[in-house]
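Quick notes on the structure that follows.
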Amino acid sequence: CLLLLISLKISYCQNIKPNDIEIKILKIDKLQQQSKLEILGIDDMKTCGGNLIGYFYNNKLVLLISQNGGETGTITNKYYLENNKIIKIENLEYYAFMNNNSNAHTSKAKKIIEKKEFYFTPKIFIKKSFKKEKIITYSDEQIITCGKNMIKLLNERKTIN
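Take the sequence shown: its letters are residues 1 to 161, numbered as in our numbering.
See the structure below:
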C-alpha cells in the first residue's frame, strides 16, 4: 500500500501544469474580490518588496502582493501560495521614460511594461511577455528568494498579532 501511495504522489506531482495552478489562482482571486481574505500589511520594507500586503484565508497565507517604485517606475509582484509554498508569481514592471518636455504622468512619457509569470510545477516554468525594449531590474532568482523571505516575515507577523 505504501509503495502505491508513493507512486501516486509522484505521478500526481509530475502532472501538475500551469492550467492546474490557474484554477487555484482563480479561487484565491475570487476570495479576494469577495473580501473574504484577512489582510496584513507591512509598509516600507527596505529590501525585496517595498510595500507588502499579505492575504490570509483560514489563518493561512494564500496571496502576497509587493509593490516597489517611484515616479518613473513600479515593480509589482503577486505571489500565490498553497501550504506556504509558492505556486505562481506574477511579476509586472512598469517604466515611464521622459523626454525633456514631459514628466512620468503625461502622455508624452514613453511607457514600457514587462510581465513575467512563474509557475511552480515540479519544474519552474516561466512565461514572459515583453515589449520591444526590455529592462530587467531583478533577476528571476531574486524575485523567488524575496518571495520566500516575505512569506516567512508575514507568517511571523501574523503569529504575533
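Note that the Cβ used here is the ideal one computed from N, Cα and C, for glycine as well.
Source: prediction; values computed, not measured.
Does the distance from the C-beta atom of residue i to that of residue j stay below 8 Å?
| i | j | result |
| --- | --- | --- |
| leucine 81 | serine 66 | no |
| tyrosine 94 | threonine 74 | yes |
| asparagine 84 | asparagine 155 | yes |
From which residue to which residue does the beta strand (DSSP E) around residue i run?
| i | result |
| --- | --- |
| threonine 76 | 73-82 |
| leucine 61 | 60-69 |
| lysine 36 | It is not in any beta strand (DSSP E) - lysine 36 carries neither H nor E in the DSSP assignment. |
| glycine 54 | 51-57 |
I'd like the list of long-range same chain contacts for residue i, defined as Cβ closer than 8 Å, with 5 residues on each side in sequence excluded.
| i | result |
| --- | --- |
| isoleucine 10 | Unreliable placement is indicated for isoleucine 10, whose pLDDT of 43 sits below 50; no coordinate value is reported for it. |
| lysine 36 | Tyr57 |
| lysine 158 | Leu40, Gly54, Phe56, Asn59, Leu61 |
| isoleucine 151 | Leu61, Leu64, Tyr79, Leu81, Asn84, Ile86 |
| aspartate 140 | Lys116, Phe118, Ile126 |
Which residue's Cα is closest to the Cα of residue i: the options?
| i | options | result |
| --- | --- | --- |
| lysine 148 | Lys128, Ile86, Lys123, Pro18 | Ile86 |
| lysine 88 | Gly70, Leu26, Glu156 | Leu26 |
| isoleucine 42 | Leu31, Asn68, Lys24, Ile23 | Asn68 |
| glycine 50 | Leu31, Gly70, Lys110, Thr145 | Gly70 |
CB-CB under 7 Å to residue i, same chain, minus the five flanking residues each way: which ones, in chain order?
| i | result |
| --- | --- |
| tyrosine 119 | Pro18, Ile21, Lys88, Phe125 |
| isoleucine 143 | Asn77, Ile89, Asn91 |
| isoleucine 28 | Val62, Leu63, Tyr80 |
Can you find the residues in the same chain that come closer than 6 Å, C-beta to C-beta, to residue i, ignoring five residues on each side of it along the sequence?
| i | result |
| --- | --- |
| glutamate 117 | Glu90, Lys127 |
| isoleucine 113 | Tyr94 |
| glutamate 38 | Phe56 |
Got a sec, what are the start and stop residues for the alpha helix (DSSP H) residue i sits in?
| i | result |
| --- | --- |
| glycine 147 | 140-160 |
| lysine 24 | 18-33 |
With which residues is residue i paired in a DSSP beta bridge?
| i | result |
| --- | --- |
| lysine 85 | Glu82 |
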